[in-house]
Amino acid sequence: YVPAKGETVIGIVTAKSGDVFKVDYGGSEQASLSYLAFEGATKRNRPNVQVGDLVFAQFVVANKDMEPELVCIDGSGRANGMGVFGAAGLLIKVSLGLVRRLLAPHSDLRADLEQLFPCELVVGMNGRIWVRAASVQQTLILANLLQSCDTMTAPQRQQLFRRIQLGAL
Amino acid sequence: MKDTPLSNCERDFLLKAIEEKKRLDGRQTYDYRKIKITFGTDYGCCFVDLGQTRVMAQVSCELVAPKESRPNEGIMFFNLELSPMASPAFEQGRQSELSVKLNRQLERCLRNSKCIDTESLCVVSGEKVWQIRVDVHTLNNDGNLMDAASIAAISALCHFRRPDVGIQGESVTVYSPEERDPIPLSIYHMPISVSFAFFQQGTYLLVDPCEREERVMDGLLMIAMNKHREICSIQSSGGIMLLKEQ
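Printed below as a string of structure tokens:
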């Protein structure tokens with residue numbers, strides 16, 4: 001994955017050094033995330049981030065000459081869905097194409113998914129998806145579904161989803 | 001290059017799923033992944049697919065002088081290479097602990113169990129014996145390299161044919177495959193290793209861990225057995241204590 005400015009990704013915190021967290025996002029080097037780049041963070045009020053946590057952040061600096069930088073707030077200083085997350089749930093790796101298809105404005109992949117069962121999805125443009133559903137079994141089904149419908153055409157995928165709905169595992 | 005670190009929520013989720021007896025790809029506790037064995041065009045070349053884990057074994061032989069301590073026996077040499085193709089965590093320099101451990105286990109499993117008759121590899125006692133060299137290369141790592149490597153090694157050894165030799169007095173002639181058919185190695189039994197992964201201090205057990213399960217496990221037990229119900233080697237790593245019932 002090659003980072004681009006403005007893209008939101010899921011990163012894994014690998015180190016805390018001073019005021020900066022080092023985050024792995026699946027690229028060639030690690031990005032830095034300042035502890036002040038969270039909503040409501042001040043020098044006294046540090047965010048509660050541990051090594052190994054998942055963060056949803058966007059790139060503010062991402063070119064080939066400098067180390068990439070991430071922030072968890074948008075231009076106006078609000079979190080807008082970004083930050084630390086992931087208490088229970090599974091992180092999977094899929095292709096970049098599938099992620100873009102999921103995030104497209106009127107994607108029928110997303111419409112199909114909504115009809116299956118209620119779930120929470122965090123989609124990072126670096127090919128990482130975090131899923132959580134009501135039970136462990138459903139989360140596992142969802143994760144396997146996402147990984148396999150990458151290479152299926154739309155009718156095949158709809159057939160698979162229908163089978164799951166009827167099976168209602 | 002370093003591998004992607006394992007996040008806390010993945011670790012928690014995997015442990016929770018194991019407590020509920022669920023695995024990532026829907027297997028049961030004692031299920032193995034699908035094993036596919038393919039042979040190459042040369043004698044002694046074998047590919048093994050264990051789910052997504054892929055290894056290749058190649059057997060070759062040459063005539064050398066035997067060891068002084070054992071002038072009647074042939075020599076077996078095993079080599080397992082963890083190539084960077086298999087995972088970004090493996091580097092080209094072979095120092096890694098995992099590579100040493102896998103090499104030792106493969107040697108113990110195949111050499112000490114005496115599955116190959118080394119005396120039949122002797123051509124002229126004290127002067128010329130066959131040295132059989134087994135090279136195992138890992139092509140993709142999705143967990144449980146040891147089992148895949150042991151299956152690949154023993155399949156390649158069964159598939160291998162060595163050239164025929166003729167002895168007239170003191171001179172030895174090696175016949176090429178066109179002159180005389182090559183002879184298979186004499187194999188007594190086929191030891192195959194099975195890996196068990198332990199979680200939560202031995203409370204939960206899984207067979208054939210995949211790569212994520214391997215990262216989360218507490219300990220690993222590898223048992224090599226053959227079909228006559230004999231145990232060829234046991235290796236336990238990770239420092240967990242097991243009760244006899246387990």
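Respectively, the protein sequence lines represent chains F and H. Anchor point for the first sequence: position 42 equals 42 in full-length UniProt numbering, and the numbering is continuous, going up by one each time. Anchor point for the second sequence: position 6 equals 6 in full-length UniProt numbering, and the numbering is continuous, going up by one each time. Ideal placement from N, C-alpha and C gives every residue a C-beta, glycine not left out.
Quiz prompt | Cβ-based neighbour list, Glu127(H), same chain, cut-off 7 Å, excluding 5 preceding and 5 following | solution = Cβ within range, chain order: Ala65.
Exercise. Under 7 Å between beta-carbons, which chain H residues line up against Gln137(F)? List them in chain order, please.
Key: The contacting residues are Lys22.
Quiz item: Taking the runs of the alpha helix (DSSP H) that are 4 residues or longer, which of them lie wholly in the UniProt domain "K Homology" (89-137) of chain F?
Solution: Here the runs fully enclosed are 96-103 and 108-114.
Quiz item: Near Gly27(F), what residues of its chain come up, given a Cβ to Cβ distance below 8 Å and the 5 sequence neighbours on each side ignored?
Solution: Excluding positions up to five away in sequence, the list reads Tyr1, Val2, Pro3, Pro68 and Asn126.
Quiz item: Mind listing which residues of the region 157-168 of chain F have their C-beta closer than 8 Å to chain H's C-betas, in chain order?
Solution: Per Cβ criterion, the list is empty.
Quiz item: Hey, is Asp108(F)'s beta-carbon within less than 8 Å of any beta-carbon in chain H?
Solution: By this cut-off, Asp108(F) is not an interface position.
Exercise. Measure the C-alpha to C-alpha separation of Gly143(H) and Leu160(F) and round it to an integer number of angstroms.
Key: Each residue's alpha carbon lies about 28 Å from the other.
Quiz item: According to DSSP, which residues form a beta bridge with Lys16(H)?
Solution: Residue pairing from DSSP leaves Lys16(H) without any beta-bridge partner.
Exercise. Report all residues from its chain with a CB closer than 6 Å to the CB of Val60(F); omit the five preceding and five following residues, and keep chain order.
Key: If you ignore the 5 residues before and after Val60(F), its C-beta comes within less than 6 Å of the C-beta of Glu69 and Val71, all in its own chain and listed in chain order.
Self-check item: chain F contact residues for Ser87(H), given Cβ-Cβ distances below 8 Å
Solution: Residues of chain F passing the Cβ test: none, with the nearest at roughly 14 Å.
Quiz item: Comparing alpha-carbon positions, which option in Ser95(F), Arg128(F), Ile141(F) and Leu96(F) lies nearest Gly167(F)?
Solution: When each option's Cα is compared against that of Gly167(F), the closest is Ile141(F).
Quiz item: Among Pro163(H), Asp25(H) and Ser155(H), which residue has its Cα nearest to the Cα of Ser176(H)?
Solution: For Ser176(H), the closest of Pro163(H), Asp25(H) and Ser155(H) by C-alpha to C-alpha distance is Pro163(H).
Quiz item: Would you say the beta carbon of Ile116(H) comes nearer than 7 Å to a heavy atom of the ligand PLP?
Solution: Looking for the ligand PLP in the displayed structure turns up nothing, as the structure carries no ligands at all.
Practice problem: Could you tell me whether the Cβ of Asp150(F) comes closer than 8 Å to any Cβ of chain H? | Solution: Asp150(F) does not count as touching chain H.
Quiz item: Based on the DSSP secondary-structure assignment, which residues constitute the bridge partners of Asp135(H)?
Solution: Beta-bridge partners of Asp135(H) (DSSP): Gln58(H) and Asn79(H).
Quiz item: How big is the Cα-Cα spacing for Val134(H) and Cys45(H)?
Solution: For Val134(H) and Cys45(H), the distance between alpha carbons rounds to 10 Å.
Quiz item: Where does Ser148(F) sit, in a helix, a strand or coil, going by DSSP?
Solution: In this structure, Ser148(F) counts as helix in the three-state DSSP scheme.
Quiz item: Among residues of its own chain, excluding the 5 on either side of Leu90(F), which ones have a beta-carbon nearer than 8 Å to its beta-carbon?
Solution: Within the same chain, Leu90(F) has close Cβ partners Trp130, Val131, Arg132, Thr139, Leu140 and Ala143.
Quiz prompt | Between the CA atoms of Ile234(H) and Lys227(H) - distance to the nearest angstrom | solution = Taking the straight line from one Cα to the other gives about 16 Å.
Quiz item: Going by DSSP, what residues sit across from Thr38(H) in a beta bridge?
Solution: In the DSSP output, where bridge partners are listed per residue, Thr38(H) has Phe47(H).
Self-check item: Collapsed DSSP secondary structure at Asp24(F) in the structure displayed
Solution: DSSP places Asp24(F) in strand when its eight states are reduced to three.
Practice problem: Kindly list the residues whose CB is nearer than 6 Å to the CB of residue 260(H), restricted to its own chain and excluding five residues on each side of it in sequence; keep chain order. | Solution: For chain H, the structure presents residues 1 to 246; residue 260(H) sits outside this window and is missing.
Quiz item: Ser99(H): which of Met146(H), His189(H), Glu179(H) and Thr38(H) sits nearest, CA to CA?
Solution: Here the closest residue by C-alpha is Met146(H).
Practice problem: Please report the residue range of the alpha helix (DSSP H) in which Cys158(H) lies. | Solution: Membership of Cys158(H) in the alpha helix (DSSP H) is indicated by the continuous run Leu145 to His159.
Quiz prompt | Interface flag, Val113(F) vs chain H, CB-CB below 8 Å | solution = The amino acid occupying residue 113(F) in the given sequence is Leu; Val does not appear at that position. The Cβ of Leu113(F) sits no closer than 8 Å to any Cβ of chain H.
Quiz prompt | Cβ distance (whole Å) where Val49(F) is taken to contact Gly124(F) below 8 Å | solution = Taking the Cβ atoms as the reference, Val49(F) lies roughly 17 Å from Gly124(F), outside the contact range of under 8 Å.
Self-check item: Candidates Ile35(H), Ser120(H) and Glu211(H), of which the one nearest Ile192(H) by Cα
Solution: Among Ile35(H), Ser120(H) and Glu211(H), the Cα nearest to that of Ile192(H) belongs to Ile35(H).
Exercise. May I have the straight-line CA-CA distance separating Glu81(H) from Arg11(H), to the nearest angstrom?
Key: Rounded to whole angstroms, Glu81(H) and Arg11(H) show a C-alpha spacing of 29 Å.
Quiz prompt | Near-chain C residues of the region 62-87 of chain F - C-beta to any C-beta below 8 Å | solution = Annotation note: the requested chain C is absent from the structure, which comprises protein chains F and H.
Self-check item: Gly89(F): contacting residues in chain H (beta-carbon distance under 8 Å)
Solution: Correct list: Cys9 and Phe13.
Quiz item: Just the Cα atoms here: how many angstroms apart are Pro84(H) and Glu211(H)?
Solution: The alpha-carbon separation between Pro84(H) and Glu211(H) amounts to approximately 15 Å.
Quiz item: When the Cα of Leu102(F) is compared with those of Gly52(F), Val84(F), Gln147(F) and Asp19(F), which residue comes out closest?
Solution: Looking at the Cα atoms, Gln147(F) is the closest of the given residues.
Quiz item: From the DSSP output, which residues share a beta bridge with Tyr204(H)?
Solution: Answer is Phe199(H).
Exercise. Determine whether the Cβ of Thr42(F) lies closer than 8 Å to any Cβ atom of chain H.
Key: Taking 8 Å as the CB threshold, Thr42(F) stays off the interface with chain H.
Exercise. Provide the residue span of the beta strand (DSSP E) that contains Gln235(H), from first to last.
Key: Per DSSP, the continuous beta strand (DSSP E) segment holding Gln235(H) begins and ends at Ile231 to Ser237.
Quiz item: Where does Leu121(H) sit, in a helix, a strand or coil, going by DSSP?
Solution: Correct three-state label for Leu121(H): helix.
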